[in-house]
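Using the working numbering, the final residue of the sequence shown is 234, and nothing's skipped along the way. Note that CB positions come from ideal geometry on N, CA and C, so glycine has one too. Keep in mind it's a predicted model, so treat the numbers as computed, not measured. Take a look at the structure below.
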Amino acid sequence: MTLRELQRDAVDTIKRHALVMSLRSPRAQAYILTEYLWTEETTEAVSLEHAVAGDAPTWLGKLITAQLSDEHRHAALLRTRLADLRTAPRPPPKLSRAKLWWLERATAPYAGAFAAGPVVVLLAAAAQFEATGVRILSRHLDVLEARERASNAADPTADVVRSILSDEQRHARSCAAAALRLVRADERAAFEALQTRVATIDRAFGITLAVRYWVLVAALAAADRVRMRREAV
Ligand SMILES: [Fe+2]
Ligand SMILES: [Fe+2]
Numbered sequence: 002m003t004l005r006e007l008q009r010d011a012v013d014t015i016k017r018h019a020l021v022m023s024l025r026s027p028r029a030q031a032y033i034l035t036e037y038l039w040t041e042e043t044t045e046a047v048s049l050e051h052a053v054a055g056d057a058p059t060w061l062g063k064l065i066t067a068q069l070s071d072e073h074r075h076a077a078l079l080r081t082r083l084a085d086l087r088t089a090p091r092p093p094p095k096l097s098r099a100k101l102w103w104l105e106r107a108t109a110p111y112a113g114a115f116a117a118g119p120v121v122v123l124l125a126a127a128a129q130f131e132a133t134g135v136r137i138l139s140r141h142l143d144v145l146e147a148r149e150r151a152s153n154a155a156d157p158t159a160d161v162v163r164s165i166l167s168d169e170q171r172h173a174r175s176c177a178a179a180a181l182r183l184v185r186a187d188e189r190a191a192f193e194a195l196q197t198r199v200a201t202i203d204r205a206f207g208i209t210l211a212v213r214y215w216v217l218v219a220a221l222a223a224a225d226r227v228r229m230r231r232e233a234v
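The structure is reproduced here in structure tokens:
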């Protein structure tokens, strides 16, 4: 097993455990959904808004506009579900902004590397984030659907996650395809180096954020368990 696979397995195990713990805790669920909301309103939206602000070709402008409208719909779905869970979303932590800052720094040397312009860099980053989003949401849906099967009852959070996931799968494919359409044959090697750089940063933050995520979800789930026990007495 490579180091990369080990890292991915570690993140998956930590997060899956946290997701199972969150099932009986409204506050832990709200914490997880708030993380998704931050991604929708910062990481996904910011990179794409920059792309559409540049002089992108018409076909790309249309693709990005449609994708941004999906991201707004996702954010609205999450805000509605959070309101059902009686939670007002918190602002994003510094660590998630730090990821964008590192990414900007690490990809700066590629800003002039492609004839199509810096939009290629934004699309490479967006494709990576969308693919990571697909992995995160698939894992969550897996846990929620197992609970739905066991309890024979529909879960409102599962409906939200299912709906967002199907769009993100399409986004991951279309961002990657759009970047490749813009990259010339003689730029392929530079593009692959860029993809590796973006993936490395995404993974490095994945480990740090996963541990923080587990600790916070576990603390919220434990607090809700104590509260529910007290209410049951
Ligand atoms: Fe989204
Ligand atoms: Fe997306």
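Could you check whether residue j and residue i sit closer than 8 Å to each other, using their CB atoms as the reference points?
i    : j    : result
L142 : A127 : no
H172 : D13  : no
M22  : A222 : yes
R82  : V161 : yes
H75  : I165 : yes
Q238 : D203 : The structure shown does not extend to residue 238, since the chain is modelled only from 2 through 234, so no value can be given for it.
L104 : V199 : yes
V144 : Q170 : no
L101 : Y37  : no
A191 : Y111 : yes
K16  : R140 : yes
A236 : R5   : Because the chain here runs from 2 to 234, residue 236 falls outside it and cannot be looked at.
R91  : T40  : no
L195 : T133 : no
E188 : F115 : yes
L24  : R226 : no
Would you kindly report the start and end of the unbroken alpha helix (DSSP H) that includes residue i?
i    : result
S167 : P157 to L183
R17  : L4 to S23
G113 : Note, G113: premise wrong, no alpha helix (DSSP H); not H, not E.
S152 : V120 to S152
A76  : T59 to D85
T35  : P27 to W39
Below 8 Å on the Cβ atoms is my contact criterion, and I expect residue i with residue j to pass it. Report the Cβ-Cβ distance as a whole number of Å.
i    : j    : result
V218 : A19  : 4 Å
V120 : A57  : 5 Å
L123 : A179 : Their Cβ separation, rounded to whole angstroms, is 10 Å, which puts L123 and A179 out of contact at 8 Å.
With 8 Å as the threshold, decide whether the Cβ of residue i is near any Cβ in chain D.
i    : result
R171 : Within the model displayed, chain D is absent; a lone protein chain is all it includes.
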